[in-house]
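First up is the structure itself, then whatever we jot down about it.
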């Protein structure tokens, strides 16, 4: 495994954990974390994708503004792809993100 990919996975796992608290969500949203998370959902490893999707779900369920940012970054196509080909956790999370009624 590429050492850089392992570091990305670890960093995204930290972001997923930070997204569970208000201060973390605000930091992610305000400091440019949303485009990075969307990119990981699109291009990352299976583990990175599921953690990025989990972080995006936290952002969308708690803030309409952050949710709009997620949508503007083009998150829907990679989330649809993840829901079709991802791990069970990633698939479930991405399906929740595609259902605005769950936010």
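In UniProt numbering, the protein residues as written are 1 to 103.
By construction, the Cβ of each residue, glycine as well, lies at the ideal position given by its N, Cα and C atoms.
As the structure is a prediction and not an experimental result, all values here were calculated from the model.
Keeping to the same chain, check which residues put their C-beta closer than 8 Å to that of residue 45; ignore five residues upstream and five downstream.
-> The residue you call residue 45 lines up with position 45 of the chain shown. The residues are 5, 8 and 9.
In the segment 42-81, which residue ranges form an unbroken alpha helix (DSSP H) of at least 4 residues, counting only runs that do not cross its ends? 46-62 and 64-72
Note to self: Tell me the DSSP secondary structure of residue 85 in three-state form.
What the structure shows: Numbered from 1 along the chain shown, position 85 holds the residue referred to as residue 85. Of the three classes helix, strand and coil, the one that applies to residue 85 here is helix, per DSSP.
With distance defined between alpha-carbon atoms, name the residue in 83, 68 and 60 nearest to residue 25. Along the chain shown, one-based indexing puts residue 25 at 25. Taking only the C-alpha atoms, the option nearest residue 25 is 60.
**Message:** Please classify residue 3 as buried or exposed, where buried requires at least 16 neighbouring CB atoms within 10 angstroms.
**Reply:** Your numbering for residue 3 matches position 3 in the chain shown. With fewer than 16 Cβ atoms within 10 Å of its Cβ, residue 3 is classed as exposed.
Apart from the five residues just before and just after residue 13, which ones in its own chain have a Cβ nearer than 7 Å to its Cβ?
Start at 1 with the first residue of the chain shown, and residue 13 comes out as number 13. Answer for residue 13: 51, listed in chain order.
| message | What residue range does the alpha helix (DSSP H) around residue 32 cover? | response | For the purposes of this step, residue 32 is identified with residue 32 of the chain shown, where counting begins at 1. Counting along the chain, residue 32 falls outside any alpha helix (DSSP H), and DSSP gives it neither H nor E.
Mind checking residue 64: buried by the 16 CB within 10 Å criterion, or exposed? Counted from its first residue, the chain shown places residue 64 at position 64. Label assigned to residue 64: exposed.
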